[in-house]
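Inspection log for the structure reproduced underneath, given as structure tokens.
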Amino acid sequence: MIDKQFPSAAEAVADIPDGATLAVGGFGLSGNPMALIEALHAHGTGDLSVVSNNCGVDDWGLGILLAARRIRKMTSSYVGENKEFERQFLEGDLELELTPQGTLAEKLRAGGSGIAAFFTQTGVGTQVAEGGLPRRYNPDGSIAVASPVKDVRSFDVDGEQRDFVLEEAIRTDFALVHALRGDRHGNLVFNKAARNFNPLAAMAGRICIAQVEELVEPGELDPDSIHLPGVYVHRVVEVGGDIEKRIERRTTRTQEGA
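Start counting the sequence shown at 80; every next residue gets the next number (our numbering).
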């Protein structure tokens with residue numbers, strides 16, 4: 080078996096070139112591979128096309144790459160927490176392929192499973208299937224790039240004809256993910272909500288780089304507890320359990336009797 084451990088996040092991402100495509104794990108700020116994102120930012124890599132559920136916030140997650148104008152295109156399902164994202168998109172500096180969340184998840188999973196495309200009912204009868212969704216604006220507000228028309232076919236489902244839209248799978252040059260625990264062979268265990276898009280992003284990347292809070296020896300992980308087998312993971316970096324973990328919004332209320 081191959082020892083996939085890298086000594087640092089900087090060395091793990093050093094060969095990601097300008098113009099690369101990336102699949103990045105995380106949902107909101109949960110499970111963001113921050114050490115890898117910060118290393119990529121420090122390395123100066125740019126002109127990136129990124130596939131991730133969202134683009135972080137203005138000063139955290141993928142937002143730090145966006146603020147530095149390192150991202151040229153995002154493929155996401157939710158973009159509502161980042162003012163800089165809104166500004167760049169509306170002013171024509173950023174391309175956005177807005178994708179339904181379940182469809183995005185399946186596009187990543189399909190890419191990692193060797194499935195070229197699949198049919199889904201999600202988006203039928205909308206601009207997702209019919210085309211015309213703005214992907215990039217001109218500075219004057221007109222549409223520079225619009226989404227294309229997609230193939231729609233009818234299938235028999237329980238004796239009823241229903242329309243389905245064809246969605247192509249996603250494969251990226253690299254994937255960046257965060258896991259709670261991993262071993263030197265790349266087997267990964269995710270923690271609760273941080274499991275979100277991380278396994279799917281890992282599957283879609285031709286080269287998957289995983290940051291783990293704890294690195295253990297092969298054989299120490301219970302095989303039944305492994306969420307992602309090492310066959311999908313190519314590099315592993317231990318970042319420790321004391322890394323900063325943020326949430327988008329903290330909501331509190333006064334405790335009764337306090």
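Glycine included, every Cβ here is placed at the ideal spot set by N, Cα and C.
- Contact annotation: residue 159 and residue 133 have beta-carbon atoms nearer than 9 angstroms.
- Contact check between the stretch 226–243 and the stretch 279–294: fewer than three CB pairs, one atom from each, fall below 8 angstroms, which does not count as touching.
- Put simply, the backbone Cα of residue 151 is about 15 angstroms away from that of residue 251.
- Looking at the DSSP output, residue 90 bridges to nothing.
- Assigned with DSSP and collapsed to three states, residue 310 falls in helix.
- Spanning the alpha carbons of residue 95 and residue 315 requires a straight line of approximately 15 angstroms.
- Going by C-alpha positions, residue 129 is about 13 angstroms away from residue 256.
- Residue 201 holds the alpha-carbon nearest to the alpha-carbon of residue 184 among 201, 115 and 171.
- Within the DSSP bridge table, the entry for residue 322 names no partner.
- Excluding residues up to 5 positions away in sequence, 92 lie with their Cβ nearer than 6 angstroms to the Cβ of residue 119 in the same chain.
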